[in-house]
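One structure below.
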Amino acid sequence: MRLSLFAPLEGLIAPAPLAQRVAFLKTQPFAHRGLHSAASSKGASKEDWRVENSRAAFRAAILLGHGIELDVQAASGGEAFVFHDAELERLTSARGAFRTKSAIELDAIKLAGTEEAIPRLEEILKLVGGRVPVLIEVKTKERHVAALCLSVRRALEGYRGAAAIMSFNPEVGHWFNTHAPRIVRGLVVTEEGEVTRKERLKGWFKRWASMARAKPDFLAYDVRDLPSRFAVSARSRGITVLTWTVRDAADEQAAFEHADEAIYEKIA
Numbered sequence: 071m072r073l074s075l076f077a078p079l080e081g082l083i084a085p086a087p088l089a090q091r092v093a094f095l096k097t098q099p100f101a102h103r104g105l106h107s108a109a110s111s112k113g114a115s116k117e118d119w120r121v122e123n124s125r126a127a128f129r130a131a132i133l134l135g136h137g138i139e140l141d142v143q144a145a146s147g148g149e150a151f152v153f154h155d156a157e158l159e160r161l162t163s164a165r166g167a168f169r170t171k172s173a174i175e176l177d178a179i180k181l182a183g184t185e186e187a188i189p190r191l192e193e194i195l196k197l198v199g200g201r202v203p204v205l206i207e208v209k210t211k212e213r214h215v216a217a218l219c220l221s222v223r224r225a226l227e228g229y230r231g232a233a234a235i236m237s238f239n240p241e242v243g244h245w246f247n248t249h250a251p252r253i254v255r256g257l258v259v260t261e262e263g264e265v266t267r268k269e270r271l272k273g274w275f276k277r278w279a280s281m282a283r284a285k286p287d288f289l290a291y292d293v294r295d296l297p298s299r300f301a302v303s304a305r306s307r308g309i310t311v312l313t314w315t316v317r318d319a320a321d322e323q324a325a326f327e328h329a330d331e332a333i334y335e336k337i338a
C-alpha cells in the first residue's frame, strides 16, 4: 500500500513517541472489557457468568496473562466508573442515563446476574495491581471532558503498573497531553460510514484534525477498516497501531498483518 505524500508534515502534526514509552502495548493481546461470557448464553452457569467490565472478567484475563481493555463513564459528579454503555438497562436492572446517577447511587447498582456492584476505576486498578497492562477507554462525546479525565488521572496517581488511556474523543487526548503528559494516550479510530469519495475525504481530514488535537502515542483502529492507508502511514512513522475488536480468524489475520497487537473478544 502506497504511503502518504504528506509523511514529513504528518510527523510534525503527530510525532511518534519514544519506542520504550509504548513498548508494553506490544507484548500481549488485550481482552476487550475483560474475558467475559455473554449474559444471554444458554446453559451458562452462574459460576461461569462473567459480565463485561466486571471483576470476574478482569480476573479471568489476568489468569491468562493478557492485558485488559476497559471503559470508564462519569457519574454525575465526574467520578470514574468502569462501565461501557451510556444507559444502564443492558447491563443492570436499573434504568436511565449513567451520567445522571451519583457515585453513591452507582455503588448500589449490581451488574446483571451477579452480586457485583459497578466497579470504580481505582478499585479495578488495585485488583490488577500491575500484573498485566491496562487500556482505559474514556467514554465521553462532549468537549468538556475535564471532570472525568481528572478522575482517571487521580486513579492512576501512584499506580505502578503499565497503563494507557484512549478515546474516540480527541479532547481527552488533548487534556492528558496538557495536564498529565506522562500518561500514555491513544486515539480510537474507525472509518465506518465512509463509503463515497466525499465521505472518505471528510473522514481523512477529521482523523488528521483529531491527531493534531490529541497528539496520540498510539492508535486503536477498527479491525474492519484494515488494511488502511491512514494506519499504514502511522505505523511507518513509528506510531503503534492496536486493532479492535478481533473476534474471528479473519480478524486475527488482519491484526497479524496490519497492526501491532489485538484487542480481542472471545466469549468464554
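Residues 71 to 338 in our numbering are what the sequence shown spells out, letter by letter.
For glycine and all other residues, C-beta sits at the position ideal for the given N, C-alpha and C.
- From what residue to what residue does the beta strand (DSSP E) around Q143 run? The residue you call residue 143 lines up with position 73 of the sequence shown. Where Q143 is concerned, the enclosing beta strand (DSSP E) stretches over 137–144.
- Message: When you compare the CB positions of A284 and L312, do they come within less than 7 Å of one another, or not?
- Response: Within the sequence shown, residue 284 is the residue found at index 214, counting from 1. Within the sequence shown, residue 312 is the residue found at index 242, counting from 1. In this structure, A284 sits away from L312, with a CB-CB distance that is not shorter than 7 Å.
- Message: With DSSP as the reference, identify every bridge partner of S237, one or two as the case may be.
- Response: Your numbering for residue 237 matches position 167 in the sequence shown. The partner list for S237 (beta bridge, DSSP) reads L257.
- Query: Roughly how many whole angstroms lie between the Cα atoms of L82 and V152?
  - Reply: Taking the first residue of the sequence shown as position 1, residue 82 is located at position 12. Taking the first residue of the sequence shown as position 1, residue 152 is located at position 82. L82 and V152: Cα-Cα distance of roughly 35 Å.
- Item | Sequence-distant residues of its chain with Cβ nearer than 7 Å to R91 (five each side left out) | In the sequence shown, counting from the first residue as 1, residue 91 sits at position 21. Contacts found: V254, D287.
- Message: On a Cα-Cα basis, can you pick out the residue from L289, K336, W278 that is closest to H328?
- Response: Start at 1 with the first residue of the sequence shown, and residue 328 comes out as number 258. With respect to the C-alpha of H328, the residue from L289, K336, W278 having the closest C-alpha is L289.
- Sub-7 Å separation of A167 and E159 beta-carbons: Taking the first residue of the sequence shown as position 1, residue 167 is located at position 97. Taking the first residue of the sequence shown as position 1, residue 159 is located at position 89. Annotated as distal: A167 and E159, with beta-carbon spacing of 7 Å or more.
- Message: So, at 7 Å on beta carbons, what are the nonlocal neighbours of A127 in its own chain, with the 5 sequence-adjacent residues on each side left out?
- Response: Taking the first residue of the sequence shown as position 1, residue 127 is located at position 57. Here the set comprises R103, G104, L105, H106, R120, V121.
- Query: Since S163 and A145 are thought to touch, with beta carbons under 8 Å apart, how far apart are those beta carbons, to the nearest angstrom?
  - Reply: Residue numbering aside, residue 163 sits at position 93 when the sequence shown is read from its first letter. Residue numbering aside, residue 145 sits at position 75 when the sequence shown is read from its first letter. Rounded, the Cβ-Cβ distance is 18 Å, inconsistent with contact.
- Residue range of the unbroken alpha helix (DSSP H) whose run includes W278: Walking along the sequence shown from the start, residue 278 turns up at place 208. Residue range 267–284 is occupied by the alpha helix (DSSP H) that includes W278.
- Message: Quick check on DSSP: helix, strand or coil for K209?
- Response: The residue given as residue 209 occupies position 139 in the sequence shown. If DSSP states are grouped into helix, strand and coil, K209 belongs with coil.
- In the structure shown, what three-state DSSP assignment does L218 receive? By one-based count along the sequence shown, residue 218 stands at place 148. Of the three classes helix, strand and coil, the one that applies to L218 here is helix, per DSSP.
- Message: Suppose the cutoff is 6 Å on Cβ atoms and the five residues either side in sequence are ignored; what does the same chain contact list for A324 look like?
- Response: Walking along the sequence shown from the start, residue 324 turns up at place 254. Answer for A324: V293, L296, listed in chain order.
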